[in-house]
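Worksheet for the structure shown next.
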Amino acid sequence: MMAEKALGVVTLIAKFALDIVSSPLNLALVVVCGVLLYKILYLKRESIPKKPREPDLPKLKKHDFTLDQMREFDGRSASGRILVAVNGKVFDVTRGKKFYGQGGPYAAFAGRDASRGLATFSVEAIQDDYDDLSDLNTMQMDSVREWEMQFKEKYDYVGRLLKPGEESNDYSDDDDCSQNGTKADDETRKENEENKSEKLND
């Protein structure tokens with residue numbers, strides 16, 4: 001029964017193709033329809049205005065930031081640069097302007113430490129003071145570390161977020177904004193892990 005249906009369809013297609021080829025008028029109509037369809041699709045694609053691409057900002061010189069310094073990079077300044085801190089590291093997320101810029105879903109993170117917000121999946125969780133994240137549970141800290149890895153892969157690392165009273169590192173002009181961080185970053189990470197293990201032992 002399936003074979004009969006398939007044979008009927010093939011026969012119908014063959015008859016249709018034979019009718020088109022056997023009549024010069026039908027053949028001409030098919031060619032004209034094909035050309036018109038191509039032009040419609042091609043012109044439609046060309047008529048969509050291309051949004052001019054914003055020029056990339058020069059790479060930010062590596063240095064460490066206080067919370068107050070971070071707030072200057074919320075995307076509203078003349079440069080439009082946006083920085084976001086995650087787990088004590090500061091990233092230039094300017095190329096993700098549609099997410100972190102004004103009107104974006106994560107605009108609250110622009111120029112701020114986003115660690116707590118990312119850990120708790122809440123843009124309202126941002127704090128104005130330095131946040132040591134010591135009250136986060138293990139699952140939330142794992143989430144912060146995962147976000148940190150994603151930011152490292154996607155955005156430029158530009159320095160550390162300084163604790164109150166902490167001194168900034170001096171970086172030479174040759175220091176690029178590497179993804180690995182500094183010795184101070186390693187010490188901060190070790191300190192956070194020690195605090196977490198102390199909480200678990202209590």
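So for the sequence shown, UniProt numbering puts the first residue at 1; every next one is plus one.
Positions of the beta carbon are idealized from the N, C-alpha and C atoms, including for glycine.
The model shown is predicted, which means the values in this text are computed figures rather than measured ones.
If you follow the beta strand (DSSP E) that residue i is part of, which residue opens it and which one closes it?
| i | result |
| --- | --- |
| residue 89 | 89-92 |
| residue 159 | 156-160 |
Span of the alpha helix (DSSP H) holding residue i?
| i | result |
| --- | --- |
| residue 8 | 2-22 |
Taking residue i as the reference, give the member of the options with the closest Cα.
| i | options | result |
| --- | --- | --- |
| residue 75 | 67, 68, 97 | 97 |
| residue 84 | 61, 111, 122, 158 | 111 |
| residue 137 | 169, 115, 156, 150 | 115 |
| residue 123 | 107, 131, 164 | 107 |
| residue 169 | 22, 61, 150 | 61 |
| residue 166 | 36, 88, 59, 156 | 88 |
| residue 95 | 38, 41, 151 | 151 |
| residue 206 | 2, 109, 164 | Absent from the structure is residue 206, since the part of the chain shown begins at 1 and ends at 202. |
How many whole angstroms separate the CB atoms of residue i and residue j, which I take to be in contact at a CB cut-off of 8 Å?
| i | j | result |
| --- | --- | --- |
| residue 148 | residue 86 | 5 Å |
| residue 70 | residue 90 | 7 Å |
| residue 20 | residue 31 | With a Cβ gap of about 10 Å, residue 20 and residue 31 do not count as contacting. |
| residue 57 | residue 79 | 6 Å |
| residue 103 | residue 82 | Actually they do not touch by this definition, with Cβ atoms about 13 Å apart. |
| residue 135 | residue 113 | Not confirmed; about 14 Å, so no contact. |
| residue 212 | residue 156 | This structure cannot speak to residue 212, because the chain is shown only from 1 to 202. |
- Residue ranges of each alpha helix (DSSP H) within the UniProt domain "Cytochrome b5 heme-binding" (65-162), 4 or longer: Entirely contained in the UniProt domain "Cytochrome b5 heme-binding" (65-162), the alpha helix (DSSP H) runs reaching 4 residues are, in chain order, 67-71, 97-100, 115-120, 138-154.
- Mind the definition here: the stretch 113-121 touches the stretch 136-145 only if three or more C-beta pairs lie below 8 Å; say whether that holds. Contact annotation: the stretch 113-121 touches the stretch 136-145, with at least three C-beta pairs closer than 8 Å.
- Query: Taking three-plus beta-carbon pairs below 8 Å as touching, is the stretch 63-72 in contact with the stretch 155-174?
  - Reply: Three or more beta-carbon pairs drawn from the stretch 63-72 and the stretch 155-174 are found closer than 8 Å, and the two stretches are therefore classed as touching.
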